[in-house]
Every structure is written in C-alpha cells, then in structure tokens.
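Trainee: Read left to right, the sequence shown gives residues 12 to 222 (the working numbering). There's a structure below that I have some questions on.
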Amino acid sequence: MTSLLSPCYPFQLGALPFAYNALEPNIDAATMEIHYTRHFKEYVDNLNATLAECPRLQCCNLEELLRCCDRLPANLRTPIRRYAGGAYNHAMYFEGLTPGGSPPCGTLARAIDCTYGSTELFKAQLKAKATEVFGSGYAWLAASRTGRLAIMATANQDTPLPCGCVPLLNVDVWEHAYYLKYQNLRANYIDAWLRVTDFGRASVLHEERFC
Ligand code: MN3
Numbered sequence: 012m013t014s015l016l017s018p019c020y021p022f023q024l025g026a027l028p029f030a031y032n033a034l035e036p037n038i039d040a041a042t043m044e045i046h047y048t049r050h051f052k053e054y055v056d057n058l059n060a061t062l063a064e065c066p067r068l069q070c071c072n073l074e075e076l077l078r079c080c081d082r083l084p085a086n087l088r089t090p091i092r093r094y095a096g097g098a099y100n101h102a103m104y105f106e107g108l109t110p111g112g113s114p115p116c117g118t119l120a121r122a123i124d125c126t127y128g129s130t131e132l133f134k135a136q137l138k139a140k141a142t143e144v145f146g147s148g149y150a151w152l153a154a155s156r157t158g159r160l161a162i163m164a165t166a167n168q169d170t171p172l173p174c175g176c177v178p179l180l181n182v183d184v185w186e187h188a189y190y191l192k193y194q195n196l197r198a199n200y201i202d203a204w205l206r207v208t209d210f211g212r213a214s215v216l217h218e219e220r221f222c
C-alpha cells in the first residue's frame with residue numbers, strides 16, 4: 012500500500028516526493044521535516060529493532076502484522092501494535108498529502124456524494140471527527156469490506172485494520188503534527204490539512220479495491 016516504505020523487513024524510509032516546504036503555508040516546513048525525519052523514522056527504526064528478534068515475522072508486510080496483531084505472542088503485541096501501527100499510520104498520512112491538494116474522483120467521489128450528500132458535507136464530518144479526537148490519534152476515511160464508507164477515529168497508533176476496514180486516508184492529530192504552527196488550535200490545522208489532502212490518491216485506493 013505504501014510507496015514511502017519498502018514492503019517488508021528491514022523497512023526503509025524513502026524520500027517524500029516533494030520538498031518539506033511544499034505545503035506552506037498550510038503545513039510548515041519545520042513541522043514536516045521533524046515529523047518525517049524523526050517521528051516517522053523512529054517508528055520504522057523501532058519496528059525493525061523489534062522484528063530483528065523475530066525471524067518468522069520478517070516476511071510480513073505492515074498490513075499483515077497489524078491484522079494478526081492480537082494473535083501474536085503476548086510479548087510482541089504491544090511493540091508491533093505501537094511500531095508497525097506508527098509506521099503504517101505515518102506512511103498513510105504522508106502519502107495522503109500533496110501540494111495544492113486534489114479532489115475525490117471516480118467511484119470514491121460518487122460514494123462520498125451518495126453517503127454524505129456532497130464533498131463539502133463529507134469534509135465537515137471528517138473535520139468534526141478529527142477535531143474531537145481526545146488526546147493523540149488519527150481520524151480516517153475508511154471503507155468496510157463491502158465498500159461502505161465510514162469516518163472513524165483511532166487512538167494512539169491504532170489502525171482500522173483489525174476490524175477488517177480498508178483505510179483510504181488519515182489525518183494525524185498528535186500534537187507533533189501541528190503544534191509548532193497551530194499550538195492548541197487543532198481545528199485550524201484540520202482546515203489547512205484539508206487544503207493539501209490528496210483525495211485523488213484515496214480515490215485510487217478505493218478504485219483498486221472495489222472496482
Ligand atoms: Mn505523527
């Protein structure tokens with residue numbers, strides 16, 4: 012699912028396809044650089060360190076690790092949930108950003124209109140969900156196995172994968188994603204994020220899975 016990370020162990024973080032300042036003024040260059048090169052990389056490094064001790068999991072991709080997390084030995088559940096989740100969530104977040112943003116298209120655009128009434132009404136619901144996440148976490152656009160769209164929230168580095176959902180897009184609402192520029196004004200960050208969101212990529216993910 013990801014082009015920023017190699018598919019399995021040892022996970023390697025590639026370069027963003029745009030400059031750290033390319034999302035200015037919506038997301039500032041310092042936040043982008045620190046978030047990508049330190050926060051994201053730390054999850055990848057910790058995941059690799061965890062997997063270095065478990066050869067039988069080294070051929071799994073991130074989705075496989077996260078979907079089977081509850082069936083792993085007890086001592087692996089927390090580090091895999093935390094570090095594979097952090098790697099997956101950050102890959103999804105950064106891949107869902109593009110300078111200037113892009114609108115939903117194709118089957119996703121039709122599903123959004125059908126489910127939420129319009130793209131603007133959908134964005135308002137997504138913003139409300141992201142704004143009300145208590146503490147650290149993510150808001151998501153995901154689809155059920157049958158393709159029904161859902162806006163949901165997860166805590167910490169949890170993902171919608173264990174419940175069988177197909178993630179299409181997320182927004183990181185940990186304070187490190189916005190505090191340098193927006194301080195406590197998370198809603199302003201969500202507005203800015205919506206201006207640089209790659210709904211076109213979410214549309215491709217939707218089309219790949221449901222057409
Ligand atoms: Mn983050």
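Glycine included, each C-beta is placed from N, C-alpha and C at the ideal position.
#1: In the structure shown, what three-state DSSP assignment does G117 receive?
#2: Would you mind sorting T42 into buried or exposed? The rule is 16 or more other CB atoms within 10 Å of its CB.
#3: In the DSSP assignment, find the unbroken alpha helix (DSSP H) run with A102 in it and report its ends.
#4: Quickly, what does DSSP pair N6 with across the bridge? List them, please.
#5: Suppose you measure from the CA of A164 to the CA of L152; what does that come to, to the nearest Å?
#6: Please list, in chain order, all residues of the same chain as N32 whose beta carbon is under 7 Å from its beta carbon, the five residues on each side excluded.
#7: In this structure, what does DSSP give as the bridge partners for T165?
#8: Between the C-alpha atoms of C125 and Q136, what's the straight-line distance to the nearest angstrom?
#9: Rounded C-beta distance between W204 and V177? I'm assuming under 8 Å.
Mentor: Considering the structure as presented:
#1: Here residue 117 refers to the residue found at position 106 of the sequence shown. Looking at G117 - three-state DSSP - the assignment turns out to be helix.
#2: By 1-based counting over the sequence shown, the position of residue 42 is 31. Buried is the call here.
#3: As a working mapping, residue 102 is identified with position 91 in the sequence shown. G96 to E106 is the span of the alpha helix (DSSP H), which, as asked, contains A102.
#4: One cannot answer for residue 6 here, as it falls past the ends of the chain, which runs 12 to 222.
#5: Locating residue 164 in the sequence shown gives position 153, counting from the first residue. Locating residue 152 in the sequence shown gives position 141, counting from the first residue. If I take the Cα positions, the gap works out to 9 Å.
#6: Mapped onto the sequence shown, residue 32 falls at position 21. The answer, listed in chain order, is A40.
#7: Within the sequence shown, residue 165 is the residue found at index 154, counting from 1. For T165, which the question treats as bridged, DSSP gives the partners Y149.
#8: Stepping through the sequence shown from its first residue, residue 125 is reached at position 114. Stepping through the sequence shown from its first residue, residue 136 is reached at position 125. Roughly 14 Å between the two C-alpha positions.
#9: By one-based count along the sequence shown, residue 204 stands at place 193. By one-based count along the sequence shown, residue 177 stands at place 166. In fact, because the Cβ distance is near 21 Å, the residues do not count as touching under 8 Å.
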